[in-house]
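In the working numbering, the protein residues as written are 428 to 967.
We put the beta carbon where it would ideally sit given N, CA and C, even for glycine.
Fair warning: this is a prediction, and the values are worked out from it, not measured in the lab.
A short write-up of the structure that comes next.
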Amino acid sequence: MEKVFVFGHRRPDTDSVTAAITLSYLKNQLGMNAVPVILSDINNETKFVLKYFNVKKPSYLNDVKIKIKDLNYLKNYFISNKASIYQGFLAMTKASLHKIPVVDDEHHLLGILSMGDIAHDQLSNEFYHFKASYNNILDVLHGTEVTRFDEEIEGSAMVASYKSTTIIESIKLDRSSIMIMGDRHSVIEYAVNEGVRLIILTGGSNIKEEHLEIAKKNKVNIIKTDYDTFRVTRIFNLSKNASEIISIKNVLCIKDFDDVKEFVSIANQTKYSYYPVIDKEEKCLGIVRLSDINEVKRHKVILVDHNSYDQSVVGLEEAEILEIIDHHNIGTIGTSMPINFRNMPVGSTNTIIFKLYKENLIPIPKQMAGLMLSGILSDTLILKSPTTTDMDKEVVDELCKIAELDYQKYGLEMLEAGSDLKGKTPIDIIYMDFKIFPIGERKMAISQVTTINASDILNDKETYIQLLNKIAIENDYYFSALFITDIIENGSYVLYSDEADSLLRAAFGLRTITEGTYLPNVVSRKKQVIPNIMLQYEAK
428 MEKVFVFGHR RPDTDSVTAA ITLSYLKNQL GMNAVPVILS DINNETKFVL KYFNVKKPSY
488 LNDVKIKIKD LNYLKNYFIS NKASIYQGFL AMTKASLHKI PVVDDEHHLL GILSMGDIAH
548 DQLSNEFYHF KASYNNILDV LHGTEVTRFD EEIEGSAMVA SYKSTTIIES IKLDRSSIMI
608 MGDRHSVIEY AVNEGVRLII LTGGSNIKEE HLEIAKKNKV NIIKTDYDTF RVTRIFNLSK
668 NASEIISIKN VLCIKDFDDV KEFVSIANQT KYSYYPVIDK EEKCLGIVRL SDINEVKRHK
728 VILVDHNSYD QSVVGLEEAE ILEIIDHHNI GTIGTSMPIN FRNMPVGSTN TIIFKLYKEN
788 LIPIPKQMAG LMLSGILSDT LILKSPTTTD MDKEVVDELC KIAELDYQKY GLEMLEAGSD
848 LKGKTPIDII YMDFKIFPIG ERKMAISQVT TINASDILND KETYIQLLNK IAIENDYYFS
908 ALFITDIIEN GSYVLYSDEA DSLLRAAFGL RTITEGTYLP NVVSRKKQVI PNIMLQYEAK
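Here it is as structure tokens:
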């Protein structure tokens, strides 16, 4: 069953991570192969939660861009360098292609065999240098083994078409000679006495017993075929090793983890028909054509706790969004097909997921209840945030019974664990919960950190101000700001880039504002910060 990735936003907080896990569990109970993932590392609070409930941290998902490996290209389409030209011809004919990769024993690409190469080799009638395996010669000539002393046959081939006396008197045979003939017994006798490399007996001819004994003594390889001499000479070259005539020029490989968009750009420039596909170890996996992008296999995803491209996984526009579960304002994501979109004005995504469990009559295990409870308490600051609804409170009561927890005691432990900033740099702290929002034709970046020691940040506020200005300039944001929410005082301190001064002052009804200004009772970015800023911006 195909995987469905379930994930929150790029800067995962406790609500988004636990929502991905709890929704994945629900979907799996309903028959879906859902896999919770994260888009970047988790914060201390979330680490505390996962450890508390003994839940493994979800794996990382770098992007959902369509890769070459997601295409329905010709996988395992190649031949060994020990295969015959004829085997390469058959493989190309079966696939209705005119090229095929040739690989060594470890599947590393050696070159490309093409129908053009085969035609050129056949028309040249080049017998002067021949290299093939004994088995390949048997296969192509539908032959029978008479004697075998070498697994690899190499030498110059000739057809015994002259008079016997001419051959015996004028043509020098040696260990590098390959003879093709019918029942020319005198020539056979000469050939075995000279110890040629190989004799091919055509037309079902037999070798005399005395000549066979000499052949065995001199280690002469002999193959017998029912094909006549004319047919043998026409197809004999097809038994050569494919590596003998491969092309190594103008071979452009595509890696299986390359983005399809990049491949299309390369293909439009180079105009080649086929491109060998290799993996990270540079082993050949098959061959891809530009037309293969028409059978693309998109990643299937479910989004939780966000519905904006700016906050989501890289390459989301190339994925198939199946569902969105969120409690924020409607963002920028659009879909080409109708999807399930569950958006409710509650304090946490997990409150919605709790309702989904109830609607689908799926029992909530104690572990899942603990994760859901953690997500709600985190996003509502233990039900103190203005985003808290009666529904959140009701759900917390029910989850506490299942998880057997005192939500106030547990919630405080959780928030205290998350507020520990030890070992984190200022830039780490800014990006702990960093979100981007559209404002007019531009964007603004609003970061929020919850702590019980706001002074740890405010004592170094100049560093944070410099970083916020740098972030705004480098990304062309309207402004960037950091809200330091003190869970004990139930308010936030704000640091911001230069451009935010007047807008923040108006947003919070202040006569003046300075870096580090304390905003009492302002604890919710979603309900208090963003709406106030947008309202004042639109009123300008």
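Task: Backbone secondary structure at Asp806 - three-state DSSP - done: Look at Asp806 here: in three-state DSSP terms it is helix.
Task: Pairwise C-alpha distance: Phe910 and Glu889 - done: Here the C-alpha atom of Glu889 lies approximately 15 Å from the C-alpha atom of Phe910.
Open item on the list: Measuring straight from C-alpha to C-alpha, what distance separates Gln893 and Leu749?
Closed with: Those two C-alpha atoms are separated by around 41 Å.
Open item on the list: Based on DSSP bridge pairs, tell me the residues matched to Gly622.
Closed with: Answer by DSSP bridge pairing: none, since Gly622 is not bridged.
- [ ] Give the straight-line distance between the Cα atoms of Ala796 and Ile789, rounded to the nearest whole angstrom.
- [x] Rounded to the nearest angstrom, the two C-alpha atoms are 12 Å apart.
Task: Thr571: first and last residue of the uninterrupted beta strand (DSSP E) it sits in - done: Counting along the chain, Thr571 sits inside the beta strand (DSSP E) bounded by residues 571-574.
- [ ] For the segment 630-639 and the segment 537-546, state whether three or more C-beta atom pairs, one from each stretch, are separated by less than 8 Å.
- [x] The segment 630-639 vs the segment 537-546: no contact.
Open item on the list: Using a Cβ-Cβ distance cut-off of 7 Å, determine whether Val491 contacts chain B.
Closed with: Of the protein chains in this structure there is only one, and it is not chain B.
Task: Identity of the residues DSSP links to Asn648 by a beta bridge - done: In the DSSP assignment, Asn648 is bridged to Leu625.
Task: Terminal residues of the alpha helix (DSSP H) in which Asp601 lies - done: Counting along the chain, Asp601 falls outside any alpha helix (DSSP H), and DSSP gives it neither H nor E.
Open item on the list: Does Asn664 pass the burial test, meaning 16 or more other C-beta atoms within 10 Å, or should it be called exposed?
Closed with: Asn664 sits buried, since 16 or more C-beta atoms from the chains shown fall within 10 Å of its C-beta.
Open item on the list: Along the chain, where does the beta strand (DSSP E) containing Ser907 start, and where does it finish?
Closed with: Membership of Ser907 in the beta strand (DSSP E) is indicated by the continuous run 906-913.
Open item on the list: Just to confirm the assignment, what range does the beta strand (DSSP E) spanning Gln875 have?
Closed with: Its beta strand (DSSP E) spans residues 869-878.
- [ ] Mind checking which residues open and close the alpha helix (DSSP H) that includes His476?
- [x] Before going further, note that residue 476 is Val rather than His in the sequence given. 471-479 is the extent of the alpha helix (DSSP H) around Val476.
- [ ] Identify every residue that forms a DSSP beta bridge with Asp686.
- [x] Beta bridge pairing from DSSP links Asp686 with Lys494.
- [ ] Starting from the Cα of Asp883, find the closest Cα among Pro528, Leu839, Gly943 and give me that residue.
- [x] Of the candidates Pro528, Leu839, Gly943, the residue whose Cα lies closest to the Cα of Asp883 is Gly943.
Open item on the list: I need the straight-line Cα distance from Thr778 to Asn787, nearest angstrom please.
Closed with: One C-alpha to the other measures close to 15 Å.
Task: Distance between Ala694 and Arg575 (C-alpha atoms, nearest Å) - done: Rounded to whole angstroms, Arg575 to Ala694 spans 48 Å at the Cα level.
- [ ] Compute the Euclidean distance between the alpha carbons of Val988 and Val567, then round it to the nearest angstrom.
- [x] The first residue shown for the chain is 428 and the last is 967, placing residue 988 beyond what the model contains.
Open item on the list: Give me the DSSP bridge partner(s) of His535.
Closed with: Bridge partners of His535: Lys710.
Open item on the list: Measuring alpha carbon to alpha carbon, tell me which residue in Tyr964, Leu839, Ile626, Lys454 is nearest Ile752.
Closed with: If we check each option's Cα against that of Ile752, Lys454 comes out closest.
Open item on the list: By the three-class DSSP mapping on this structure, what secondary structure does Thr816 have?
Closed with: In the three-state reduction of the DSSP assignment, Thr816 falls in the coil class, being assigned neither a helical nor a strand state.
Open item on the list: Below 8 Å on the Cβ atoms is my contact criterion, and I expect Lys526 with Asn668 to pass it. Report the Cβ-Cβ distance as a whole number of Å.
Closed with: Their Cβ separation, rounded to whole angstroms, is 17 Å, which puts Lys526 and Asn668 out of contact at 8 Å.
Open item on the list: Do Ile857 and Ser874 have their beta-carbon atoms positioned less than 7 Å apart in this structure?
Closed with: In this structure, Ile857 lies closer than 7 Å to Ser874 by Cβ.
Open item on the list: By the three-class DSSP mapping on this structure, what secondary structure does Ala447 have?
Closed with: The answer is helix: DSSP assigns Ala447 an H, G or I state.
- [ ] Return the Cβ separation of Ile627 and Thr652 in integer angstroms, given the expectation that the two are a contact with Cβ distance under 8 Å.
- [x] Their Cβ separation, rounded to whole angstroms, is 7 Å, which keeps Ile627 and Thr652 in contact under 8 Å.
Task: Cut-off 6 Å between Cβ atoms - residues of its own chain near Val691, not counting five sequence neighbours on either side - done: Shown here for Val691: not one same chain residue has a beta carbon closer than 6 Å to its own, the five before and five after excluded.
- [ ] On the DSSP bridge assignment, give the partners of Phe434 in chain order.
- [x] Per DSSP, Leu730.
TODO: Check whether the segment 764-775 touches the segment 816-830, counting contact only when three or more Cβ pairs, one atom from each stretch, lie closer than 8 Å.
DONE: Cβ pair count under 8 Å is three or more, so yes.
Task: Ranges of the beta strand (DSSP E) found wholly within the segment 729-810, counting only runs of at least 3 - done: Correct list: 747-753, 767-770.
TODO: Name, in chain order, the residues that DSSP records as bridge partners for Phe864.
DONE: Phe864 pairs with Met871.
Open item on the list: Closest to Asp903 by C-alpha separation, out of Thr571, Met519, Glu926, would be which residue?
Closed with: Of the candidates Thr571, Met519, Glu926, the one whose C-alpha sits nearest the C-alpha of Asp903 is Glu926.
Task: Anticipated Cβ contact below 8 Å, Cys680 with His535, distance rounded - done: By a beta-carbon distance limit of 8 Å, Cys680 does not contact His535. Their separation comes to about 11 Å.
Task: Where Asn563 sits in the DSSP three-state scheme - done: Helix at Asn563.
Open item on the list: When you compare the CB positions of Gly802 and Thr473, do they come within less than 7 Å of one another, or not?
Closed with: Between Gly802 and Thr473, the C-beta gap is not smaller than 7 Å, which leaves the two residues out of contact.
Task: Helix, strand or coil at Asn695 [DSSP, three-state] - done: Helix.
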